[in-house]
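Protein chains in written order, with this note's numbering: chain A, 21 to 219; chain B, 42 to 240. Before any comments, here is the structure.
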């Protein structure tokens with residue numbers, strides 16, 4: 021009987037320790053994935069590349085005012101979004117905060133771009149703008165723009181410097197991705213991935 | 042004390058853990074969760090704030106109730122809530138909205154929100170997970186041949202250890218689901234010929 025109790029107690033100890041070990045192992049695999057898969061925005065091979073001039077330098081905003089991409093005064097963060105993309109919505113407050121943080125370092129304008137020019141689409145855009153308190157002067161609806169930058173997936177961001185040259189671009193899902201664009205620009209590389217690969 | 046009693050306790054504690062974590066997650070990421078809930082496109086926008094608060098209170102109530110005794114009705118409410126969650130996910134998967142943020146707590150919380158290669162099967166994994174939790178919830182509704190006598194120290198420790206083991210194993214499985222998602226995402230981005238990625 022005594023031996024049974026001893027073996028039972030021993031087994032419980034082993035089971036719980038093993039559970040902890042399995043959990044720790046799983047966590048480690050998770051951390052490993054995060055390290056292997058860098059946090060930088062994903063670059064795409066198609067479309068105008070970093071270092072090239074922006075294919076379009078003048079766009080018309082939602083309220084019919086003019087926006088110049090690379091007006092010699094400030095750089096532009098061109099962000100392609102859509103009212104029907106949930107990730108974009110979660111990204112909007114992040115954009116505002118990144119804008120504030122980056123604008124304190126150098127002059128920056130953030131332009132949101134979307135497509136869909138039918139009346140029904142326009143109503144959706146208007147709802148999107150009001151619901152998220154966006155700036156109509158910085159909201160562009162243009163299919164041409166998306167085509168020119170070969171935007172395949174949203175949310176997609178392009179950083180254009182004040183001279184109108186594309187500095188960094190990529191798919192952005194998080195604050196880290198957005199910041200990686202500015203980081204890449206400051207380090208003079210096209211993407212964080214390129215920077216890591218060159219290390 | 043029969044084995045059934047120990048299992049019932051362990052399952053109840055596991056469910057309490059899941060709901061408590063869920064409620065905490067929703068409180069801490071209140072704004073985010075509301076956006077994610079809106080993206081499920083199941084509720085009119087006007088109901089969202091009230092429903093979010095309702096979910097938080099319900100989960101907190103379930104967690105505490107399961108922790109301290111619990112009744113048959115608690116188990117059924119828990120099962121119903123899990124069913125609603127699973128149905129909401131399944132419905133959106135069937136609609137083809139597999140780029141949806143799950144809004145779940147835990148490591149598998151970021152169901153996707155990634156632009157490169159969603160893996161809907163992963164989201165189905167979460168539906169299956171909810172189904173299993175649902176069965177657990179129903180299992181705790183089975184009335185136990187419970188004697189009024191107090192549990193001995195040994196019985197209490199068995200329940201505590203079993204609960205700990207079950208919670209750890211559950212967490213490991215969730216982490217495994219999250220790891221699988223990351224790996225799938227990574228492989229998808231590699232096969233799509235992403236130029237910037239190391240390795």
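Backbone N, C-alpha and C fix where the C-beta goes; we use that ideal spot for every residue, glycine too.
**Q.** Close beta carbons around residue 124 of chain B, own chain, < 7 Å, minus the five adjacent residues each side
**A.** Translated into the one-based positions of the second chain, residue 124 of chain B becomes position 83. Closer than 7 Å at the Cβ level, and outside the excluded window around residue 124 of chain B, lie 175.
Requested in this report: Jot down the residue ranges of each uninterrupted beta strand (DSSP E) in the region 73-158 of chain A, minimum 3 residues, whole runs only, in chain order.
Outcome: The region 73-158 of chain A contains these whole beta strand (DSSP E) runs: 78-80, 86-88, 95-100, 128-134.
For a test of the three-state rule: what should DSSP assign to residue 188 of chain A, helix, strand or coil?
As a first step, residue 188 of chain A is located in the first chain; it is residue number 168 there, counting from the start. Here residue 188 of chain A sits in strand by DSSP.
By the 7 Å beta-carbon criterion, what residues does the region 188-217 of chain B contribute toward chain A? With the criterion set as a beta carbon lying under 7 Å from some beta carbon of chain A, the members of the region 188-217 of chain B are 202, 205, 206, 209, 210, 212, 213, 216, 217, in sequence order.
In whole angstroms, what separates the C-alpha of residue 181 of chain A from that of residue 101 of chain B? Translated into the one-based positions of the first chain, residue 181 of chain A becomes position 161. Translated into the one-based positions of the second chain, residue 101 of chain B becomes position 60. Residue 181 of chain A and residue 101 of chain B: Cα-Cα distance of roughly 50 Å.
Check your understanding: Quick one: what's got a C-beta closer than 8 Å to residue 75 of chain B's C-beta in the same chain, skipping five residues either side?
Key -> Taking the second chain and counting its residues from 1, the one referred to as residue 75 of chain B is at position 34. Cβ neighbours of residue 75 of chain B beyond the five flanking positions: 89, 90, 93.
Where does residue 205 of chain B fall in DSSP's three states? For this step, residue 205 of chain B is matched to residue 164 along the second chain. Note: residue 205 of chain B maps to helix in three-state DSSP.
Start and end residues, alpha helix (DSSP H) containing residue 60 of chain B: Against the second chain, residue 60 of chain B aligns to sequence position 19. In the DSSP assignment, residue 60 of chain B falls within the alpha helix (DSSP H) that extends over 44-69.
message: Is residue 163 of chain B close to chain A? Criterion is C-beta to C-beta, closer than 8 Å.
response: Position 122 of the second chain holds residue 163 of chain B. Any reading at residue 163 of chain B must be qualified, since the residue scores a pLDDT of 49, below 50, and its modelled position is unreliable; no value is offered.
Open item on the list: Rounding to the nearest angstrom, what Cα-Cα distance links residue 198 of chain A and residue 203 of chain B in this structure?
Closed with: On the first chain, residue 198 of chain A is found 178 positions in, with the first residue counted as 1. On the second chain, residue 203 of chain B is found 162 positions in, with the first residue counted as 1. Rounded to the nearest angstrom, the two C-alpha atoms are 45 Å apart.
For residue 216 of chain B, does the count of other Cβ atoms within 10 angstroms reach 16, so buried, or fall short, so exposed? For the purposes of this step, residue 216 of chain B is taken as residue 175 along the second chain, with counting starting at 1. Buried, because 16 or more other Cβ atoms sit within 10 Å of the Cβ of residue 216 of chain B.
Buried or exposed by the 16-neighbour rule on C-beta atoms within 10 Å, applied to residue 109 of chain A: Taking the first residue of the first chain as 1, we reach residue 109 of chain A at position 89. Its Cβ being crowded by 16 or more others within 10 Å, residue 109 of chain A is buried.
Query raised in the report: Whose C-alpha, out of A:138, A:136, A:95, is nearest the C-alpha of residue 119 of chain A?
Result: Mapped onto the first chain, residue 119 of chain A falls at position 99. Nearest C-alpha to residue 119 of chain A: A:95.
Please confirm if residue 251 of chain A has its CB atom under 8 Å from at least one CB of chain B.
Look at the range of chain A in this structure, 21 to 219, and you will see that residue 251 of chain A is not part of it.
Is the CB of residue 108 of chain A under 8 Å away from at least one CB in chain B? Translated into the one-based positions of the first chain, residue 108 of chain A becomes position 88. Judged by the 8 Å Cβ criterion, residue 108 of chain A is not in contact with chain B.
For chain A, find out if any of its Cβ atoms is closer than 8 Å to the Cβ of residue 133 of chain B; answer yes or no. Position 92 of the second chain, counted from the first residue, corresponds to residue 133 of chain B. In terms of beta-carbon proximity, residue 133 of chain B stays away from the interface with chain A, with every pair separated by 8 Å or more.
- So with Cβ pairs under 8 Å, would you call residue 73 of chain B a contact of chain A? In the second chain, the residue the question calls residue 73 of chain B occupies position 32. Chain A contact via Cβ: present.
Practice prompt. Anything in chain A within Cβ reach of residue 57 of chain B, meaning under 8 Å, just list it in chain order.
Written response: Within the second chain, numbered from 1, the residue matching residue 57 of chain B stands at position 16. At a beta-carbon threshold of 8 Å, none of the residues of chain A lie near residue 57 of chain B; the nearest stands roughly 18 Å away.
Inter-stretch contact (C-beta, 8 Å, three-pair minimum) for the region 188-196 of chain A and the region 120-131 of chain A: No contact exists between the region 188-196 of chain A and the region 120-131 of chain A.
Give the secondary structure of residue 29 of chain A by DSSP, where H, G and I count as helix, E and B as strand, and everything else as coil. Counting from 1 along the first chain, the entry for residue 29 of chain A is found at position 9. Annotated three-state conformation of residue 29 of chain A is helix, per DSSP.
In DSSP terms, what residue 177 of chain A is bridged to: By one-based count along the first chain, residue 177 of chain A stands at place 157. Answer by DSSP bridge pairing, in chain order: A:99, A:190.
Exercise. What span of residues does the alpha helix (DSSP H) with residue 109 of chain B cover, start to end?
Worked result: Along the second chain, read from residue 1 onward, the residue named residue 109 of chain B stands at position 68. Annotation: residue 109 of chain B is outside any alpha helix (DSSP H) and is labelled neither H nor E by DSSP.
**Q.** Simplified DSSP assignment, three categories, for residue 161 of chain A
**A.** Here residue 161 of chain A is taken as the residue at index 141 of the first chain, counted from 1. Residue state, collapsed to three classes: strand.
message: Taking 8 Å as the threshold (beta carbon to beta carbon), is residue 36 of chain A in contact with chain D?
response: No chain D is present in this structure, whose protein chains are A and B.
- prompt: Mind checking residue 28 of chain A: buried by the 16 CB within 10 Å criterion, or exposed?
  reply: Numbered from 1 along the first chain, position 8 holds the residue referred to as residue 28 of chain A. Of the residues assessed, residue 28 of chain A falls on the exposed side of the cut-off, its CB having fewer than 16 other CB atoms within 10 angstroms.
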